[in-house]
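Working notes, structure below.
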Amino acid sequence: MALNDLNETATRQFYKPENERDQRSRALASEHFSNGAHIQDFDLQFTLSRARRDFENLRAFRRTAGWAFDDPIGKEKSGPAGKPIERSAIYPDSHLLTFSVLAALVLFEGLANAYFFSGSSDLGLLGGWLQAITVSFVNVITAFFVIGYLCLRHLTNPQKRWSFAAAALGLPVAVAFIVVLNLAAAHYRDLLEIHAASLALGGTEVTGELIAPIQHLIAAPFSFQTLEAYLLLTLGLTFGIIAAYKGRTFDDAIPGFGVVQRRAERSARELNRVVKKAAGGRNSPEEQIAEAQILLMDMAEDFGSARPR
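Per our numbering, the sequence shown starts with residue 1390, numbered consecutively.
Structure follows, in structure tokens:
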């Protein structure tokens, strides 16, 4: 019986009521923070830790060329580690201009193609516009995303072998697709003109050929009978080149580099804001403020020296 009483007493001491434990926790916290030496600015500490983490990720990204090889810091080198990145990320300050250019390319090419298609289309301007906007959209988006953003950017970092190999294989396929697409559109424009002329003369023998521009493309890729077909081909390829260039310069050439640098710069700006608030009257330890200021100076020096001239 005595043993049972002893166990019951121990159990009651361990499993205290919820409100009693809360009161004890508050008392301990109050006692702990009553001394000024224990006061911490958790907002500043959180921002400082995040900035330090993002800054270290940026430097590790540079050392490993986008994690193409193991970080040599603190490790035994078993072989050549590869060449690190010795520059800052290059990217536009805003993508608004890029998206505006892409929209203008699709719109202008669509209007131009609509003019070329509508003259001989049974659906008139609306039918020509629907056909044209589909061709121009596929042309611009494929050139921008597949050729420029994916293939050309991954080709700039041969140390990442799998991505480099995929880009090397995908680039000629994407380029061939763009060329075939614009050649097929030009041949279709040619067949529309021939079909309209044949109908005007009372003939119908070429009507079925409208659904087979690929056969004409295979038989004679660059053989056109109208000037509009050559203009359509030139326009489509030119806009494809412009879209590919905008995709290549949409972000830094090394995939992921612009992301980690923008994150580090954003963390530095946030840390600078919090430090100013802490130094402006908030009860923050001087050690925390000094640590944050040292990190900010290191980040500013790194960003300034790494930025290409």
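Glycine is no exception: its CB is placed at the ideal position from the N, C-alpha and C atoms.
How many Å lie between residue i and residue j at the Cα?
i	j	result
Phe1639	Thr1487	7 Å
Arg1476	Ile1607	47 Å
Ala1501	Asp1641	33 Å
Val1648	Leu1447	9 Å
Leu1485	Leu1572	31 Å
Arg1651	Arg1441	14 Å
Glu1659	Arg1452	25 Å
Ile1631	Ala1565	16 Å
Glu1680	Asn1546	36 Å
Phe1533	Pro1481	16 Å
Val1595	Ala1554	Interpretation of Val1595 is limited by its pLDDT of 48, a score under 50 that renders its predicted location unreliable; no figure is taken from the coordinates.
Leu1581	Glu1498	18 Å
Between residue i and residue j, how many whole angstroms is the CB-CB distance? I'm expecting something under 8 Å.
i	j	result
Ile1536	Ala1633	4 Å
Ile1474	Phe1646	7 Å
Thr1615	Ala1563	In fact, because the Cβ distance is near 28 Å, the residues do not count as touching under 8 Å.
Leu1539	Ala1574	Their Cβ separation, rounded to whole angstroms, is 23 Å, which puts Leu1539 and Ala1574 out of contact at 8 Å.
Met1686	Phe1444	Met1686 to Phe1444, Cβ: 12 Å. No contact.
Ala1609	Asp1579	Not a contact, Cβ separation roughly 10 Å.
Val1664	Asp1432	11 Å between Cβ atoms; not a contact.
Leu1570	Asn1528	6 Å
Pro1644	Arg1550	14 Å between Cβ atoms; not a contact.
Asp1460	Ala1449	6 Å
Look up residue i in the DSSP assignment and say whether it is helix, strand or coil.
i	result
Asp1687	helix
Gly1455	coil
Glu1680	helix
Asp1579	helix
Gly1629	helix
Lys1472	coil
Asp1641	coil
Gln1650	helix
Phe1613	coil
Pro1561	helix
Ser1656	helix
Is it buried or exposed, residue i, if we count other Cβ atoms within 10 angstroms and call 16 or more buried?
i	result
Ala1589	Unreliable positioning characterises Ala1589 in this predicted model, as indicated by a pLDDT of 49, which lies under 50. The coordinate reading is nonetheless provided below. Answer is exposed; the Cβ neighbour count stays below 16.
Trp1456	exposed
Ile1567	buried
Glu1690	exposed
Gly1693	exposed
Ala1557	exposed
Lys1472	exposed
Compare the C-beta of residue i with all C-beta atoms of chain C and state if any pair is closer than 9 Å.
i	result
Gly1625	Within the model displayed, chain C is absent; a lone protein chain is all it includes.
Which full runs of the alpha helix (DSSP H) of 4+ residues lie inside the segment 1480-1548, going along the chain?
-> 1485-1507, 1513-1530
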